[in-house]
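Protein chains in written order, with the working numbering: chain R, 28 to 423; chain H, 11 to 455.
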């Protein structure tokens, strides 16, 4: 009341407390001070506690000998390697399962998403039931199911499940033929690269020609021919330099070939199936977001259903699909950390699990682990912002 | 001429013929939807084959070949199907964990109170929402805490040094009074300095402290309930406690963070963004590791948290970041005119937020909140990795029991867990769809 009366008399009695700028500054200073105090408290407590428990600090432990084995590693690793090496093994395993998971989930997700919109009643119902069941069951339960109930329950090596006489599934893992590269194999890789570059050139040329003359060129089939045909031709021309090393049952286990540990198969299956359900919903939403008028307009211009989908609907749907799709990829990568529950040697399992337990340096180990995931997600969101800016509708 | 009886033109209508049998009814529907083209027919057959591959074996396993009664593994080994007798034998553990048998009525009572509070809350047409909220967010948590833990906690004081007054309930109340009086006095001084009436804010602070005092008294009273440590909790109880505490704690925190992210103060905005992006960028499992391994290191000597409480803190911070983004979506959907209207009426920032913006924004994001609750509910299973026994953890640990070990025990256990989780999550997602449709009416153009 006093303030209003004072204002009425024409002499605005303002206290500095009521100045929003000063208030804001005070709030922010108070916030910073309290956070600094909290941080100080945490750091001093941590130092005291670490000293009391005789735990070393600093990142010197990364050079120490690890002394534990890892069941799957993409780079050379042995028990004599350092903790730092174990970190890279874990990180690469995480990336491996994430990348493969993303590929499988994307393919499966697009199929299910399109099936969900199918005019065929049976197919769209199956897709609906798949999505609703998978999305509403925790991922960890699905990982357990695939790993403990399915893959651990398959027969022992002597009674392996056989596919085409060369792929074997048993409770030691999945055994597949491994390609052996002999001299001249690199020529095939070169042919493959030439095929890719060649199809890009053909595509640009065909586009230019279509712009000038209106004539179309079968770019897709030419590209398939170039990318697949060239390497196959080279393969035979060089005298078949790639052989296959088949796994063979010797004693109690398979030798030779390529062995995939069951933890990897279980995790990959669960991640891909779980994420595919989400991707399917993203795809469905994206396609539904393109107005039906676009299809009708395209038909009235004389485009057939195929080109309509390829040239009109999908480019517009992708604008809606890509951001949530990247989000799902990120989720899959973060969810791959559940590997620790079935002891697949990923980053969390190897580094935040075994290394943490051996060294006891929880603060450093968890900080590194979290920073890796944080960096991954920040990179992804940077890519997403860039993509959104590029793809955003340019409005007047 | 007119007499001539020529019938070139029909004088009466021919009755409508029925549509061909092949284009109506079930057959017509099948022709249209299942067999309209070669490709469609192939798809239909493929779909039917897929169903044939999956559905009959599952039904056979879960129902036809299942063992429903029995006392041990021998009963289940006979049939090659689900061993429901094992689920029956373990049912108590799956729901209550190792909670003492004699005290399980307390958990039941909490479940009952929760349902009584929640169901009328979820049905929009039932009145007394305000009283309902007070019950659900005020009385229920206190009652649940006392019932589940047994209450009778030791209050030791927190402010004055121990050598001055020995830690006791009295010291707690002295500390409590000092804090309350200091905060009330500070508020009064600031509002007098700002030339406004100090009465209202001081009364509000007094009320807040009075409520806190009542809660503290209730938690302190010995109701004669046996104390049950949280390491004896388990099963669905832990799942629900983690999920519900997580969501309830994350909502206010998420609102504050969302407001902070949209604040005009650069430091507040920056700190909110860092907090939100940090928690959203790391997997929950590392957060749980951190809360179980690193959090104890951050606390002063002698202070230690219960394992469940540590997990709860991690889960709450983690889901607060996601909640903040959900709430921010709602805040961004409120047109600028609402802010400007509130400012024109002379409302302060907090009045504007509390009375104008947040009620509209939160109403808009109810489906989003339910969705993040579903995500959190599924994520609670992760606590088994840090050694807490939620529903899935309890089921997983029951597989080690040799008296029920059969080749189908784990399948049965996982099927049971899947059904429970599915019913909860599917129910919630249907509810969120229902609310979405209901709330859309005012905004659809």
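All C-beta atoms in this analysis are idealised placements derived from N, C-alpha and C, irrespective of residue type, glycine included.
Spell out a yes or no on whether the region 100–119 of chain H and the region 237–249 of chain H are touching, meaning 3 or more CB-CB pairs, one atom from each, closer than 8 Å. The region 100–119 of chain H, when compared against the region 237–249 of chain H, does touch it at the 8 Å Cβ threshold.
Output, in chain order, the set of chain R residues within a Cβ distance shorter than 9 Å of residue 349(H). Under the 9 Å cutoff, chain R gives no residues; its nearest Cβ is about 15 Å from residue 349(H).
With a threshold of 16 other CB atoms inside 10 Å of the CB of residue 362(R), please say whether the residue is buried or exposed. Looking at its Cβ environment, which holds 16 or more other Cβ atoms inside 10 Å, residue 362(R) is buried.
Members of the region 164–192 of chain R near chain H, C-beta cut-off 8 Å: Those residues of the region 164–192 of chain R that come within reach of chain H (Cβ to Cβ, closer than 8 Å) are 164, 165, 166, 167, 168, 171, 172, 175, 176, 180.
Could you say if the region 340–356 of chain R and the region 181–195 of chain R meet the contact criterion of at least three C-beta pairs nearer than 8 Å? In short, these stretches do not touch, since the Cβ pair count stays below three.
What residue range does the beta strand (DSSP E) around residue 183(R) cover? It is not in any beta strand (DSSP E) - residue 183(R) carries neither H nor E in the DSSP assignment.
For residue 109(R), which beta-bridge partners are listed by DSSP? Per DSSP, the beta bridge partners of residue 109(R) are 92(R).
Contacts that residue 51(R) makes with chain H (C-beta to C-beta distance below 8 Å): Listed by position along chain H, the residues whose Cβ is nearer than 8 Å to that of residue 51(R) are 274, 275.
Any beta carbon from chain R within less than 8 Å of residue 205(H)'s own beta carbon? Taking 8 Å as the CB threshold, residue 205(H) lines the interface with chain R.
Give the straight-line distance between the Cα atoms of residue 255(R) and residue 48(H), rounded to the nearest whole angstrom. So the two alpha carbons sit approximately 30 Å from each other.
Taking just the CA atoms, how far does residue 39(H) sit from residue 400(R)? The straight-line gap separating the alpha-carbon atoms of residue 400(R) and residue 39(H) is approximately 51 Å.
From residue 73(H) to residue 434(H), what distance separates their C-alpha atoms? If you take the alpha carbons of residue 73(H) and residue 434(H), they lie about 22 Å apart.
Is the CB-CB distance between residue 297(R) and residue 140(R) below 8 Å? Contact: no.
Tell me whether residue 293(H) is buried or exposed, calling it buried when 16 or more other Cβ atoms sit within 10 Å of its Cβ. The residue in question, residue 293(H), is buried, as its Cβ has 16 or more Cβ neighbours within 10 Å.
Smallest Cα separation from residue 225(R): which of 313(R), 359(R), 247(R), 100(R)? The shortest Cα separation from residue 225(R) among 313(R), 359(R), 247(R), 100(R) belongs to 247(R).
Could one say the Cβ of residue 148(R) lies closer than 8 Å to chain H's Cβ atoms, at least one of them? By this cut-off, residue 148(R) is an interface position.
Under 8 Å by beta carbon: chain H residues contacting residue 390(R): The contact set of residue 390(R) on chain H, defined by CB atoms closer than 8 Å, consists of 304, 307 in chain order.
Burial state of residue 90(R), where buried means 16 or more other Cβ atoms lie within 10 Å: Residue 90(R) is exposed by the Cβ-count criterion.
Residue 197(R) at chain H interface by Cβ criterion, 8 Å: Taking Cβ atoms only, chain H never reaches closer than 8 Å to residue 197(R), which makes this a no.
For the region 42–56 of chain H, which residues have a beta carbon sitting closer than 7 Å to at least one beta carbon of chain R? Result list: 43, 44, 50, 53, 54.
Looking at residue 413(H) and residue 140(H), is the spacing between their C-beta atoms short of 8 Å? No, the Cβ-Cβ distance between residue 140(H) and residue 413(H) is not below 8 Å.
Spatial neighbours of residue 8(R) within its chain, please: C-beta separation below 6 Å, excluding the five flanking residues on both sides. A query on residue 8(R) cannot be resolved here, the shown segment of chain R reaching from 28 to 423 and no further.
Buried or exposed for residue 186(R), please, with buried defined as at least 16 other CB atoms from any protein chain shown within 10 angstroms of its CB. When all chains shown are included, residue 186(R) counts as exposed.
Helix or strand or just coil, what does DSSP make of residue 272(R)? Residue 272(R) falls in the strand class under three-state DSSP.
Below 8 Å between beta carbons is the criterion; list the residues of the region 72–100 of chain R that meet it against any residue of chain H, in chain order. Residues passing the 8 Å Cβ filter: 72, 73, 75, 76, 77, 79.
I'd like to check one pair, residue 51(H) with residue 149(R): are the Cβ atoms closer than 8 Å? No, they are not a contact pair.
Would you report the Cα separation of residue 28(H) and residue 20(H), rounded to the nearest angstrom? Roughly 20 Å between the two C-alpha positions.
Please classify residue 94(H): is it buried, with 16 or more other beta-carbons within 10 angstroms of its beta-carbon, or exposed? Counting the other Cβ atoms within 10 Å of the Cβ of residue 94(H) gives 16 or more, which makes it buried.
Which ranges does the alpha helix (DSSP H) cover as unbroken runs of at least 4 residues, wholly within the region 173–249 of chain H, from first to last along the chain? Assignment of alpha helix (DSSP H) within the region 173–249 of chain H, counting only whole runs of 4 or more residues, yields 179–203, 209–230 in chain order.
Helix, strand or coil, according to DSSP, for residue 163(H) in the structure here? Looking at residue 163(H) - three-state DSSP - the assignment turns out to be coil, as it is neither helix nor strand.
In the DSSP assignment, what are the bridge partners of residue 285(R)? According to DSSP, residue 285(R) bridges with 203(R).
Sequence ranges, alpha helix (DSSP H) only - wholly within the region 52–94 of chain H, length at least 4: As far as the region 52–94 of chain H is concerned, its whole alpha helix (DSSP H) runs of at least 4 residues are 83–87.
Buried or exposed: where does residue 107(R) fall if 16 or more other Cβ atoms within 10 Å of its Cβ makes it buried? Classified as exposed, residue 107(R) has fewer than 16 neighbouring CB atoms from the shown chains inside 10 Å of its CB.
Any heavy atom of the ligand COA inside 7 Å of the beta-carbon of residue 72(H)? As far as ligands go, the structure on display features none, and thus does not contain the ligand COA.
Can you tell me which of 59(R), 173(R), 349(R) puts its alpha carbon nearest to the alpha carbon of residue 408(R)? Of the residues 59(R), 173(R), 349(R), the one whose Cα lies closest to the Cα of residue 408(R) is 349(R).
With a cut-off of 8 Å, do at least 3 Cβ pairs link the region 285–292 of chain R to the region 94–104 of chain R? Segments in contact, yes.
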